[in-house]
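*Asks:* Below you'll find the structure I mean.
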Amino acid sequence: TGKHGHAKVNYTGTDIFNGRKYEDLSPSTHNVDVPNVSRAEFTLIDVAEDFLSLMDDSGDMKEDIKVPEGELGEKLREEFAEGKEILVTILKAMGIEAAISFKEAPKGGQ
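Add 1 to the 1-based position in the sequence shown for our numbering, that's all there is to it.
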């Protein structure tokens, strides 16, 4: 309970884009905002410098997503250079979009 006997809620959240942990303390009677998170898969068309050229199922292009840093980005570049057809998973929340994973596209009709 807080100073005046009201219940408090202590919660911890992990940033989905960089893995940092955040903590907050709030009165149990107050509302807390939560982000809307969406996930979508895109076909990788090209890797140009530090950006991905992606296409969705309807044929619309997206070219404003950065190549992920670290091992994920290196593996993505490597597999794309090998000529593999790749599906990239994009996570979007609070105005931020980032590639979080990728996989080889299934071969025709499977």
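Each residue gets a CB set at the ideal place from its N, CA and C atoms; glycine is no exception. These numbers were taken from a predicted model, which means no experiment stands behind them.
Starting from Glu98, trace the alpha helix (DSSP H) both ways and give me its first and last residue.
*Replies:* No alpha helix (DSSP H) holds Glu98; the beta strand (DSSP E) holding it covers 97-105.
*Asks:* Return yes when the Cβ of Ile66 is within less than 8 angstroms of the Cβ of Glu98, no when it is not.
*Replies:* yes
*Asks:* Ends of the beta strand (DSSP E) at Glu42?
*Replies:* 38-49
*Asks:* Whose CA, out of Ile87, Asp51, Asp58, lies closest to the CA of Gly71?
*Replies:* The shortest Cα separation from Gly71 among Ile87, Asp51, Asp58 belongs to Asp51.
*Asks:* Ends of the alpha helix (DSSP H) at Lys108?
*Replies:* Neither: Lys108 is in no alpha helix (DSSP H) and is coded neither H nor E.
*Asks:* CA-CA distance, Val48 and Val38?
*Replies:* 25 angstroms
*Asks:* Does DSSP put Glu24 in a helix, a strand or coil?
*Replies:* strand
*Asks:* In whole angstroms, what separates the C-alpha of Gly84 from that of Asp57?
*Replies:* Near 19 angstroms, if we compare the C-alpha coordinates of Asp57 and Gly84.
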